[in-house]
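These notes concern the structure reproduced below.
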Amino acid sequence: MAKRSGSFEGFGQASRQLAEMSKAASRGVGRKALQVPAEMLARDVRSRVPVLSGDTYESVDVKPAKQKGGVAVQVVAEDIASVQLEFGNSDQQATPFFTPAIDEGFDQRNRAFADALMIETEDAVIRRAARAAKR
113 MAKRSGSFEG
123 FGQASRQLAE
133 MSKAASRGVG
143 RKALQVPAEM
153 LARDVRSRVP
163 VLSGDTYESV
173 DVKPAKQKGG
183 VAVQVVAEDI
193 ASVQLEFGNS
203 DQQATPFFTP
213 AIDEGFDQRN
223 RAFADALMIE
233 TEDAVIRRAA
243 RAAKR
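Offset between the sequence shown (1-based) and our numbering: plus 112.
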């Protein structure tokens with residue numbers, strides 16, 4: 113699958129605010145903001161899964177991912193049959209459910225991420241100001 117990119121309005125302000133935060137706080141903001149589009153993708157993937165036994169449907173989940181120097185989450189279908197459903201094999205025709213979900217809602221998820229990033233950044237700034245006022 114080809115990589116895609118997008119642009120966000122107002123990201124410069126959020127970027128400056130994130131730079132002023134501690135590393136842990138900025139990672140927390142990123143993690144919370146990434147959860148929004150990841151949950152949207154997981155819902156879309158689940159809606160496309162052909163339900164045979166329900167195992168593949170139930171195996172679609174959002175999990176934290178390891179990434180050096182940043183924050184990442186991943187949407188996974190952990191059921192072993194999900195690979196066979198998505199790509200097929202010599203006995204079974206492919207029934208793609210994950211790739212179409214990724215392709216279809218890309219712009220909506222980007223907008224949701226941008227909105228969530230702004231909201232989470234503002235919330236973190238407010239929390240930091242409240243903590244500073246208590247001191």
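Even glycine gets a Cβ: it sits at the ideal position worked out from N, Cα and C.
{"Check": "Spatial distance of residue 206 from residue 175 (CA atoms)", "Outcome": "25 Å"}
{"Check": "As assigned by DSSP and simplified to three states, the class of residue 191", "Outcome": "coil"}
{"Check": "Inter-residue spacing [alpha-carbon to alpha-carbon] between residue 135 and residue 183", "Outcome": "11 Å"}
{"Check": "Residue closest to residue 151, alpha-carbon to alpha-carbon, out of 230, 218 and 178", "Outcome": "218"}
{"Check": "Backbone secondary structure at residue 206 - three-state DSSP", "Outcome": "coil"}
{"Check": "In DSSP terms, what residue 173 is bridged to", "Outcome": "188"}
{"Check": "DSSP-derived helix/strand/coil call for residue 91", "Outcome": "Nothing can be reported for residue 91, as the shown portion of the chain is limited to 113 through 247."}
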